[in-house]
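There are 2 protein chains.
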Amino acid sequence: MPAGRLPGRKAATAAPEAPPIRLGYIDYLNCLPVYFGIEQGAVELDVTVQKGPPSALNRAFREGRLDVTPVSSIEYARHAADCVIIPGLSISADGRVASILLFHRRPLEELDGRPVALTASSATSVVLTRIILELRYGVRPAYRVAPPDLDAMLAEHDAALLIGDDALLAAQAYPEIPHVDLGAEWKAFTGHPMVYALWVARRELAEADPAALRRVVRVFHASQEYAWDRRPEMVAEAVARRGLPPDVVDDYFDLIRHEFGPRYRRGLVAFYEYARRLGELDAVPPLRVWGEE
Amino acid sequence: MPAGRLPGRKAATAAPEAPPIRLGYIDYLNCLPVYFGIEQGAVELDVTVQKGPPSALNRAFREGRLDVTPVSSIEYARHAADCVIIPGLSISADGRVASILLFHRRPLEELDGRPVALTASSATSVVLTRIILELRYGVRPAYRVAPPDLDAMLAEHDAALLIGDDALLAAQAYPEIPHVDLGAEWKAFTGHPMVYALWVARRELAEADPAALRRVVRVFHASQEYAWDRRPEMVAEAVARRGLPPDVVDDYFDLIRHEFGPRYRRGLVAFYEYARRLGELDAVPPLRVWGEE
Numbered sequence: 165m166p167a168g169r170l171p172g173r174k175a176a177t178a179a180p181e182a183p184p185i186r187l188g189y190i191d192y193l194n195c196l197p198v199y200f201g202i203e204q205g206a207v208e209l210d211v212t213v214q215k216g217p218p219s220a221l222n223r224a225f226r227e228g229r230l231d232v233t234p235v236s237s238i239e240y241a242r243h244a245a246d247c248v249i250i251p252g253l254s255i256s257a258d259g260r261v262a263s264i265l266l267f268h269r270r271p272l273e274e275l276d277g278r279p280v281a282l283t284a285s286s287a288t289s290v291v292l293t294r295i296i297l298e299l300r301y302g303v304r305p306a307y308r309v310a311p312p313d314l315d316a317m318l319a320e321h322d323a324a325l326l327i328g329d330d331a332l333l334a335a336q337a338y339p340e341i342p343h344v345d346l347g348a349e350w351k352a353f354t355g356h357p358m359v360y361a362l363w364v365a366r367r368e369l370a371e372a373d374p375a376a377l378r379r380v381v382r383v384f385h386a387s388q389e390y391a392w393d394r395r396p397e398m399v400a401e402a403v404a405r406r407g408l409p410p411d412v413v414d415d416y417f418d419l420i421r422h423e424f425g426p427r428y429r430r431g432l433v434a435f436y437e438y439a440r441r442l443g444e445l446d447a448v449p450p451l452r453v454w455g456e457e
Numbered sequence: 165m166p167a168g169r170l171p172g173r174k175a176a177t178a179a180p181e182a183p184p185i186r187l188g189y190i191d192y193l194n195c196l197p198v199y200f201g202i203e204q205g206a207v208e209l210d211v212t213v214q215k216g217p218p219s220a221l222n223r224a225f226r227e228g229r230l231d232v233t234p235v236s237s238i239e240y241a242r243h244a245a246d247c248v249i250i251p252g253l254s255i256s257a258d259g260r261v262a263s264i265l266l267f268h269r270r271p272l273e274e275l276d277g278r279p280v281a282l283t284a285s286s287a288t289s290v291v292l293t294r295i296i297l298e299l300r301y302g303v304r305p306a307y308r309v310a311p312p313d314l315d316a317m318l319a320e321h322d323a324a325l326l327i328g329d330d331a332l333l334a335a336q337a338y339p340e341i342p343h344v345d346l347g348a349e350w351k352a353f354t355g356h357p358m359v360y361a362l363w364v365a366r367r368e369l370a371e372a373d374p375a376a377l378r379r380v381v382r383v384f385h386a387s388q389e390y391a392w393d394r395r396p397e398m399v400a401e402a403v404a405r406r407g408l409p410p411d412v413v414d415d416y417f418d419l420i421r422h423e424f425g426p427r428y429r430r431g432l433v434a435f436y437e438y439a440r441r442l443g444e445l446d447a448v449p450p451l452r453v454w455g456e457e
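Those protein sequences? They're chains A and B, same order as listed.
Residues in the first sequence are numbered consecutively from 165, following the working numbering.
Residues in the second sequence are numbered consecutively from 165, following the working numbering.
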């Protein structure tokens with residue numbers, strides 16, 4: 165997707181010749197409360213925004229074409245040395261998340277050796293699925309990657325993982341197919357909130373231009389304040405984009421948390437510990453939060 | 165209550181001659197997740213801690229005998245010029261809070277002109293009660309202050325406000341008396357989380373010794389990480405102190421949030437706007453968060 169220069173006045177703290185900050189933007193509903201003010205041009209800033217799926221943003225960030233972007237939790241763990249975490253910002257849920265759903269044709273306890281369809285779009289939710297099935301329910305299915313089409317997935321598999329807007333839509337469209345909410349399963353299993361994604365900055369930017377990073381933190385704050393101050397408009401915008409019922413969107417905006425305080429950090433470290441136990445990570449990475457090193 | 169020097173090594177960043185930071189500590193369950201690591205001596209720090217009810221801490225802070233302390237949201241609004249907000253820390257709930265309960269003998273819609281007993285211990289919950297009764301239910305009761313004894317309160321009043329541990333205990337002891345949860349009422353009325361308290365630092369300390377304040381922020385972070393890493397022990401400690409059932413305490417630690425991100429800030433500003441409408445505040449104060457001015 166092409167990058168676009170957003171409207172908005174130049175931040176007063178920016179040097180006149182400072183290049184714009186290049187922000188990534190995952191075009192999922194769960195990011196809307198973070199970007200709504202930016203999108204609406206209501207925040208003083210000098211940034212460009214590149215929208216795309218997580219995999220495209222991850223690649224752009226690794227290749228130095230983005231300065232600040234959301235990355236999935238597992239992606240951070242695998243590249244922690246190259247980046248710093250933006251403080252106070254995540255995509256999390258403290259239990260039910262509504263958008264990471266495992267639909268199943270037979271009870272989870274009976275999935276040992278059975279085919280389970282995963283999505284290619286999110287490594288973090290795949291690891292979460294493994295944690296829940298293998299460590300909570302004690303089964304080891306045969307995983308396969310499949311496109312996010314529930315009918316097709318369940319025609320050939322006993323369970324199917326859907327995430328993001330696909331999951332929200334499928335829960336509406338297939339109320340008769342049982343599913344478990346993997347955020348709720350995680351909470352019941354570990355007691356922790358689950359952190360699905362973080363925002364990171366390139367380490368060299370953070371070191372070379374801390375003022376730019378402070379500007380980014382302020383922009384994200386202001387954009388979120390704008391969003392929560394206009395929640396009905398934000399819900400209406402989300403409804404228009406996705407065709408979901410307003411009450412589903414409204415509930416979702418309550419479930420998704422964008423905080424990253426100590427409790428969420430502990431949840432993230434717990435996730436990394438389980439991922440390591442399953443061989444998905446070599447080690448639990450340190451959480452390098454900008455301003456705290 | 166006497167101040168006590170806590171164990172724990174001196175923080176490496178503190179100058180050898182730096183005086184200890186004087187922290188206030190409201191001895192309610194909702195503060196335990198913030199102070200558990202400090203209490204257990206598990207955090208590197210050089211602080212003294214003074215425990216007490218909010219009113220005593222407010223006074224000690226105003227008289228310069230505390231450097232950093234929790235204050236109720238209304239207290240902050242009334243003294244915003246003298247202090248700065250510690251970033252990323254509050255006592256909040258996004259809906260049901262379980263510990264701000266209005267017990268009632270008749271429906272809320274019928275309380276116009278009727279006697280309602282308030283507690284003297286918290287100005288913020290008194291203002292919240294007024295917002296819910298007067299602006300949501302459209303009634304104007306006759307308020308009186310009474311000691312927190314539910315039987316005695318309801319002998320002479322049609323409704324009674326209890327807060328904090330008193331409320332948690334009364335909900336257990338009097339399941340037959342109907343009550344509304346004012347956090348849930350606030351959320352249903354406004355859509356916002358409700359921020360009950362903040363942590364503040366004396367402005368002169370923040371300006372004269374920013375390194376000390378950074379140390380305090382780190383100590384609160386580390387103390388919370390310690391707490392959430394040992395949630396079962398923390399629940400057991402709370403059960404031992406209050407005699408509440410473990411599942412009540414565990415549920416309460418899920419409801420109480422200690423975040424203070426943009427969404428919570430908007431909730432706090434909304435609360436101030438309603439308080440002003442009721443004449444409880446002259447103006448909505450700016451949120452002066454340390455490091456953001």
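Backbone N, C-alpha and C fix where the C-beta goes; we use that ideal spot for every residue, glycine too.
As the structure is a computational prediction, the values presented were derived from the model and not from experiment.
Quick one: which chain A residues come within Cβ less than 8 Å of residue i?
i	result
B/R395	G355
What residues are listed by DSSP as bridge partners for residue i?
i	result
B/T233	B/V364
B/A306	B/P279
A/L187	A/V213, A/V232
A/V261	Answer by DSSP bridge pairing: none, since A/V261 is not bridged.
Which residue comes first and which comes last in the alpha helix (DSSP H) that contains residue i?
i	result
B/Y438	426-441
B/S289	287-294
A/R406	395-406
A/D315	314-320
B/G347	346-354
Which of the three DSSP states, helix, strand or coil, is assigned to residue i?
i	result
A/A334	helix
A/G216	strand
B/H422	coil
B/L451	coil
A/V380	helix
B/R269	coil
B/Y390	helix
A/G328	helix
A/V198	helix
B/L206	Just to set this straight, residue 206 of chain B is Ala in the shown sequence, not Leu. Reduced to three states, the DSSP call for B/A206 is coil.
A/H385	helix
B/A323	strand
B/I341	coil
Which two residues bound the contiguous beta strand (DSSP E) that contains residue i?
i	result
B/P251	247-257
B/V413	That residue, B/V413, is in no beta strand (DSSP E); its alpha helix (DSSP H) goes 410-419.
A/D459	This structure cannot speak to residue 459 of chain A, because chain A is shown only from 165 to 457.
Residues of chain B with CB under 7 Å from residue i, in chain order?
i	result
A/W454	Near A/W454 there are no residues of chain B at all, since even the closest Cβ is about 12 Å away, more than 7 Å.
Does chain B have any CB closer than 7 Å to the CB of residue i?
i	result
A/Q388	yes
A/H385	yes
A/R378	no
A/G201	no
A/V290	no
With a threshold of 7 Å between beta-carbons, can residue i be considered close to chain A, or not?
i	result
B/W392	yes
B/R430	yes
B/F435	no
List, in chain order, every chain A residue whose beta-carbon is nearer than 7 Å to that of residue i.
i	result
B/E423	E423, G425
B/G252	G252, G425
So residue i contacts chain B; which residues on that side make the cut at Cβ distance below 8 Å?
i	result
A/D258	D418
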